[in-house]
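Every position in the sequence shown, counted from 1, becomes a number in this note's numbering once 33 is added.
Even for Gly, the Cβ is constructed at its ideal location relative to N, Cα and C.
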Amino acid sequence: MSDQINKESEPITTSSSLIRRSYRSGLFVKFFFWFWFTVVLTGILLLGYGYLYHFQPENKRLFGMGREFLEENGLMVVNAYETSGIKLALAIRIPGSFWLYDEQLNNIVSPQNTPNNKPGRFSNRHHERFISLFAGKEGEVREIARKLLAGQKSEDYEVAGEMLIGSLLTSDSNKKYVIVSHFPQKMPGLIHPILRDLMNSMPFFLLITALLCYALSRYMVGPITELRQASRDFAGGNLDARVT
34 MSDQINKESE PITTSSSLIR RSYRSGLFVK FFFWFWFTVV LTGILLLGYG YLYHFQPENK
94 RLFGMGREFL EENGLMVVNA YETSGIKLAL AIRIPGSFWL YDEQLNNIVS PQNTPNNKPG
154 RFSNRHHERF ISLFAGKEGE VREIARKLLA GQKSEDYEVA GEMLIGSLLT SDSNKKYVIV
214 SHFPQKMPGL IHPILRDLMN SMPFFLLITA LLCYALSRYM VGPITELRQA SRDFAGGNLD
274 ARVT
């Protein structure tokens, strides 16, 4: 008789175990999906908010200040060049490395033929990197100068992934010059490559968030499943059911 009861109870136990596993796996998938979706969406929204409402306005403000500084000191450069020669002109401080062209688009000054006068090993490495980065880009910079001489204006230009600002200058002798300067962006070294290579770093971001959400989902699903099972046991009359 007891054997018959045991045989009848075995399918019920197996069915209950399958239901429990199915419920646990379904609950885990829901937790995992919504946790992951929320984290990814929050990251995208924060990145977009920071870019639109912090980096872009700050970038425009810095470029505006840089343009004013470039026009003021650029005028001093061309006047010094006409009166005292190139050596005195290069002694005037200009933000970043710069190119100087006359009305016939003849190159007077470029980073390649200008020594780095700023002290420090980091400054030397930055100057060497800048020269190698803009090797072969003289034609693009000259095109910027041509547009400025033709009266076309733009907030900034991008060459080799770097931002350039230019200005049309008129010297005291009424000659026209164009100065194009690389405006160094004051962005943290870790943030710049992440923003620049966002699509390349996206799989890494998704993988890290997926692992974190997986661990969090497993941690939260266990107690919820045990609580549900204990509730069912209590409802079935098993007063010895416990939640560990």
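- Residue burial annotation: Y86 is exposed, with fewer than 16 other C-beta atoms found within 10 angstroms of its C-beta.
- Linking V254 to G83 through their CA atoms gives a straight-line distance of about 34 Å.
- Taking the Cβ atoms as the reference, Y190 lies roughly 5 Å from L197, within the contact range of under 8 Å.
- Rounded to the nearest whole angstrom, the CA to CA distance from S250 to V213 is 54 Å.
- Inter-residue distance for E91 and L133 is about 27 Å (C-alpha atoms, whole angstroms).
- Boundaries of the alpha helix (DSSP H) harbouring E171: 171-182, taken from the DSSP string.
- About 17 Å separates the beta carbon of L239 from that of V62, a gap too long to meet the 8 Å contact definition.
- Here G81 carries a helix assignment [DSSP, helix/strand/coil].
- The continuous stretches of beta strand (DSSP E) do not include I119, which lies in the alpha helix (DSSP H) extending over residues 119-123.
- Here DSSP, grouped into helix, strand and coil, assigns N139 to coil.
- Going by DSSP, I198 is part of the beta strand (DSSP E) stretching over 195-203.
- Its Cα nearest to that of R126, the residue G107 stands out among G107, I141, T116, F88.
- Rounded to whole angstroms, the gap between the alpha carbons of G99 and A168 is 24 Å.
- Distance from the CA of A243 to the CA of F64, rounded to the nearest whole angstrom, comes to 12 Å.
- Around the beta carbon of P256, a 10 Å sphere encloses fewer than 16 other beta carbons of the protein chains shown; the residue is thus reported as exposed.
- Non-local C-beta neighbours of S143 in its own chain, meaning closer than 6 Å and more than five positions away in sequence, comprise W132, ordered along the chain.
- If the five residues before and after V111 are omitted, its C-beta is found closer than 6 Å to the C-beta atoms of L202, S204, Y210, all from its own chain and listed in chain order.
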